[in-house]
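The next block holds one structure in the form of structure tokens; read it before the comments.
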Amino acid sequence: MIRTIATTPFDGQKPGTSGLRKKVTVFSQPHYAENFIQSVFDALEGFAGQTLVIGGDGRFYNPQVIQTAIRMAAANGFGRVMVGRGGLLSTPAASHLIRKYRAFGGIILSASHNPGGPDGDFGIKYNAANGGPAPEKLTDTIFARTRSITQYSIIDTPDIDLSRTGETKAGNMTVEVIDPVADYAALMQSLFDFDAIRDLIRSGFTMKFDAMGAITGPYARRILEEMLGLPEGTVMNGTPLPDFGGHHPDPNLVHARELVDIVMPPGGPDFGAASDGDGDRNLIIGRGMYVTPSDSLAILAANATLCPGYASGLAGIARSMPTSTAADRVAEKLGIACFETPTGWKFFGNLLDAGKATICGEESFGTGSSHVREKDGLWAVLMWLNILARRRQGVAGIVTAHWREYGRNYYSRHDYEEVDAAAAGQLMDALRGSLSALTGQHGITAADDFAYDDPVDGSRSTGQGIRLMFEDGARIVYRLSGTGTSGATLRVYIERYEPDASRHATGTQEALASLIALSRSLAQIERYTGRAAPTVIT
2 MIRTIATTPF DGQKPGTSGL RKKVTVFSQP HYAENFIQSV FDALEGFAGQ TLVIGGDGRF
62 YNPQVIQTAI RMAAANGFGR VMVGRGGLLS TPAASHLIRK YRAFGGIILS ASHNPGGPDG
122 DFGIKYNAAN GGPAPEKLTD TIFARTRSIT QYSIIDTPDI DLSRTGETKA GNMTVEVIDP
182 VADYAALMQS LFDFDAIRDL IRSGFTMKFD AMGAITGPYA RRILEEMLGL PEGTVMNGTP
242 LPDFGGHHPD PNLVHARELV DIVMPPGGPD FGAASDGDGD RNLIIGRGMY VTPSDSLAIL
302 AANATLCPGY ASGLAGIARS MPTSTAADRV AEKLGIACFE TPTGWKFFGN LLDAGKATIC
362 GEESFGTGSS HVREKDGLWA VLMWLNILAR RRQGVAGIVT AHWREYGRNY YSRHDYEEVD
422 AAAAGQLMDA LRGSLSALTG QHGITAADDF AYDDPVDGSR STGQGIRLMF EDGARIVYRL
482 SGTGTSGATL RVYIERYEPD ASRHATGTQE ALASLIALSR SLAQIERYTG RAAPTVIT
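Start counting the sequence shown at 2; every next residue gets the next number (this note's numbering).
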């Protein structure tokens with residue numbers, strides 16, 4: 002039943018910060034997905050007879066590649082595949098399954114927050130036995146294999162019926178189709194005080210959750226509406242669709258505008274939240290208050306002991322380098338470490354596995370904890386609900402009280418999307434070449450290209466983003482994103498700390514205006530990219 006298919010390498014199959022992402026039209030080329038999946042298997046050792054978790058976010062082309070991955074797993078010697086009903090699994094749910102059932106690893110089919118549909122994006126990533134994204138050493142091995150691959154193995158078998166739970170066979174391998182939500186919902190119930198949240202809801206609390214036509218719809222309906230008792234219709238856009246219903250499933254103020262327009266005005270619901278394509282990102286808003294991901298991380302950490310799963314306190318906090326330093330101030334007050342890592346959740350994995358950190362976050366709308374090895378959108382929403390239930394304050398009240406206690410980190414990210422990749426590279430090279438000259442100008446006290454030395458395994462990661470640090474604690478950071486599929490995205494992060502509570506009501510863009518102007522002129526953004534303004538401001 003096993004067939005060996007001759008093939009030749011494709012250029013550009015290098016995994017980024019979270020797997021390989023390309024357009025559907027690229028992935029649908031004959032042998033393209035098969036080459037990458039086989040390269041993953043060829044880079045692994047010792048999986049004969051072991052369990053592999055497979056699932057995805059339901060985007061276009063997922064069903065075909067899931068069937069291919071099942072056939073190839075059987076041909077390569079896995080003993081069991083666990084797959085979500087309908088092929089559906091959120092990324093954090095997949096991480097939990099790998100950990101709970103001691104699977105060898107998992108293949109997750111998603112391009113995260115990128116658009117779906119026939120002309121949209123597709124992605125494949127491998128998660129290791131700890132439930133987290135493959136470390137750089139493994140992704141480097143996978144990439145090397147993609148450049149030399151000559152054949153892949155696959156079995157001939159009819160498609161597996163993924164519409165019903167239960168077990169069947171693919172060759173000699175068992176395929177178990179499971180409820181994609183049940184294990185994850187039980188985990189959430191073990192971490193948070195569902196009774197307290199139900200009491201809050203019974204008191205008249207209202208909210209809206211926007212699943213953006215993506216994977217978290219079934220999870221949010223089960224947990225928010227069925228288990229916690231919020232009314233039917235609380236979950237918007239709750240059916241996963243191949244094109245996400247036309248949504249760009251990136252939970253920011255631009256792409257989640259429908260939710261923002263409902264929650265932000267006077268008279269809106271008390272609380273609003275959204276998640277992205279594969280369920281690992283979150284947007285948090287309250288009536289009249291947008292909570293930046295950086296502030297959300299700090300507030301969750303400061304209030305974590307209100308939640309049963311974190312009642313004993315935190316071992317430490319970890320944040321990506323571009324994320325604001327708001328969490329650092331919380332860690333300092335709690336007397337725990339705060340780790341600054343490169344962007345990419347895989348860098349948190351070692352810290353979590355070693356017990357050095359409990360809560361982690363990135364400014365790109367990702368927050369999570371030691372319960373899995375991925376960021377987790379719905380987890381963040383439930384933690385906010387638990388805190389709201391215990392403190393009985395609105396979102397705005399909790400945020401402003403946090404600023405009064407810790408000071409406010411005015412923070413914004415300016416994205417220049419789909420700019421010419423070569424021009425963006427020239428911009429970054431020019432900045433790197435000017436770092437020594439910039440020190441001492443404009444109040445800049447230090448300038449570098451961030452490098453990270455992993456405190457657990459000693460590995461070193463260089464070239465992780467350019468930092469300009471000012472004498473008053475302000476920062477400007479420049480990075481090229483690794484999550485897109487077209488051109489390049491230049492991300493510019495601007496931050497200024499304000500300890501004076503009487504100055505916390507200024508609008509963010511106004512408070513950062515001088516730094517924003519400086520960020521554009523120092524990098525000559527318009528000259529290199531042709532863009533006078535960013536595509537998205539968050």
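Ideal Cβ placement from N, Cα and C applies to all residues, glycine included. Predicted, not measured: the structure shown is a model, and the values here were computed from it.
| Below 8 Å, can you find three or more Cβ-Cβ pairs linking the segment 15-25 to the segment 140-148? | Segment contact: the segment 15-25 against the segment 140-148, three or more CB-CB distances shorter than 8 Å; contact assigned.
| Is the beta carbon of Asp262 within less than 7 Å of some heavy atom of the ligand FAD? | In terms of ligand content, the structure shown is empty, and the ligand FAD therefore cannot be addressed.
| said: One question on the structure: do Ile55 and Ala34 come within less than 8 Å of each other, judged by their Cβ atoms? | reply: It is not a contact, given that the beta carbons lie outside the stated cut-off.
| Straight-line gap, Arg492 to Ser365 (C-alpha atoms, nearest Å) | Distance between Arg492 and Ser365, taken at the CA atoms: about 10 Å.
| Counting along the chain, where does the beta strand (DSSP E) carrying Phe272 start and finish? | Where Phe272 is concerned, the enclosing beta strand (DSSP E) stretches over Phe272 to Ser276.
| request: Have a look at Ser437, Gly488, Ile156 and Leu383 and flag the residue whose alpha-carbon is nearest the alpha-carbon of Leu469. | output: Comparing C-alpha distances from Leu469 to each of Ser437, Gly488, Ile156 and Leu383 shows the shortest one belongs to Ser437.
| query | At a cut of 8 Å, does the segment 365-383 reach the segment 85-99 through at least three beta carbon pairs? | reply | Enough Cβ pairs lie closer than 8 Å, so yes.
| task | Measure the C-alpha to C-alpha separation of Ser515 and Ile495 and round it to an integer number of angstroms. | result | Using only the alpha carbons, I get a separation of about 10 Å.
| query | Do Ser276 and Pro243 come within 8 Å of each other at the CB atom, strictly closer than that value? | reply | Contact flag unset, no.
| Coil, strand or helix - Arg461 by DSSP | Residue state, collapsed to three classes: strand.
| task | Can you give me the Cβ contacts of Gly459 inside the same chain, cut-off strictly under 8 Å, excluding the 5 residues immediately before and after it? | result | Nothing meets the Cβ criterion.
| request: Let me know the beta strand (DSSP E) ranges lying completely inside the segment 72-140, each 3 residues or longer, listed in chain order. | output: Here the runs fully enclosed are 81-89, 106-110 and 122-128.
| field | 7 Å CB neighbourhood of Ala447 in its chain, flanking five on each side removed | value | Correct list, in chain order: Thr440 and Met470.
| task | Figure out for me which residue from Pro64, Phe61, Gly133 and Lys101 has the closest Cα to the Cα of Asp354. | result | Nearest neighbour of Asp354 by Cα position, chosen from Pro64, Phe61, Gly133 and Lys101, turns out to be Gly133.
| request: Just tell me which of Gly85, Pro323, Val396 and Asn63 has its CA closest to the CA of Glu177. | output: Considering only alpha carbons, the answer is Gly85.
| said: My parser needs the alpha helix (DSSP H) runs of 4 or more residues fully inside the segment 375-426; what are they? | reply: If you keep only unbroken alpha helix (DSSP H) runs of at least 4 residues inside the segment 375-426, you get 378-392 and 396-407.
| task | Assuming Phe193 and Leu379 form a contact by the criterion Cβ under 8 Å, report the distance between their Cβ atoms to the nearest whole angstrom. | result | About 11 Å separates the Cβ atoms of Phe193 and Leu379, ruling out a contact at the 8 Å cut-off.
| Straight-line CA distance for Asn131 to Gly106? | C-alpha separation (whole angstroms): 8 Å.
| Local Cβ density within 10 Å of Val331, reported as buried at 16 or more and exposed below that | Around the beta-carbon of Val331, 16 or more other beta-carbon atoms lie within 10 Å, marking it buried.
| field | Per DSSP, cross-strand counterpart(s) of Met290 | value | Met290 is bridged to Gly287.
| Segment contact flag, the segment 219-236 with the segment 334-353, C-beta cutoff 8 Å, min 3 pairs | No: fewer than three Cβ pairs fall under 8 Å.
| task | Would you mind giving the Cβ-Cβ distance between Thr539 and Gly280, rounded to the nearest angstrom? I have them listed as a contact below 8 Å. | result | Wrong, their Cβ atoms sit about 19 Å apart, outside the cutoff.
| query | What are the start and end residues of the beta strand (DSSP E) that includes Thr52? | reply | Per DSSP, Thr52 belongs to the beta strand (DSSP E) from Thr52 to Gly57.
| Proximity to Gly218 [Cα-Cα], best of Ile109, Ile388 and Gly59 | Measuring from the Cα of Gly218, the nearest candidate turns out to be Gly59.
| request: May I ask which residues mark the beginning and end of the alpha helix (DSSP H) holding Phe217? | output: Note on identity: in this sequence residue 217 is Thr, with Phe being the wrong assignment. Thr217 to Ala221 is the span of the alpha helix (DSSP H), which, as asked, contains Thr217.
| field | Sheet register partners of Phe569 (DSSP bridge) | value | Nothing about residue 569 can be reported from this structure: the residues present for the chain run from 2 to 539 only.
| request: Count the other C-beta atoms from every protein chain shown that fall within 10 angstroms of the C-beta of Met2, then say buried if there are 16 or more, exposed otherwise. | output: By the 10 Å Cβ count, Met2 comes out exposed.
| Tell me which same chain residues have a C-beta within less than 6 Å of the C-beta of Thr509, skipping the five on either side of it? | Sequence-distant Cβ neighbours of Thr509 in its own chain, meaning closer than 6 Å and more than five residues away, are Tyr411 and Ser413.
| field | Beta-carbon proximity list for Ala305, same chain, < 7 Å, skipping 5 on both sides | value | Excluding residues up to 5 positions away in sequence, Tyr311, Leu315 and Ile360 lie with their Cβ nearer than 7 Å to the Cβ of Ala305 in the same chain.
| query | Does DSSP put Asp454 in a helix, a strand or coil? | reply | Of the three classes helix, strand and coil, the one that applies to Asp454 here is strand, per DSSP.
| said: Taking the beta carbon of Val255 as the centre, do at least 16 other beta carbons fall within 10 Å, making it buried, or is it exposed? | reply: By the neighbour-count criterion, in which 16 or more other beta carbons inside 10 Å mark a residue as buried, Val255 falls on the exposed side.
| Going by the beta-carbon positions, is the gap between Ile156 and Ala171 smaller than 8 Å? | Taking 8 Å as the Cβ cut-off, Ile156 and Ala171 qualify as a contacting pair.
| Which one or two residues does DSSP pair with Glu168 in a beta bridge? | Within the DSSP secondary-structure output, Glu168 pairs in a beta bridge with Glu177.
| field | Proximity winner among Ser520, Asn238, Thr5 and Gly278, relative to Gly57 (alpha-carbon distances) | value | Comparing Cα positions, the closest option is Gly278.
| request: Enumerate in chain order the residues of its own chain whose CB-to-CB distance from Ser295 is below 6 Å, with the five nearest sequence positions on each side excluded. | output: Excluding sequence neighbours, Ser295 sits near Thr324, Ser325, Ala327, Glu364 and Tyr412.
| Residues that DSSP places opposite Tyr498 in a beta bridge | Per the DSSP secondary-structure output, Tyr498 pairs in a beta bridge with Asn410.
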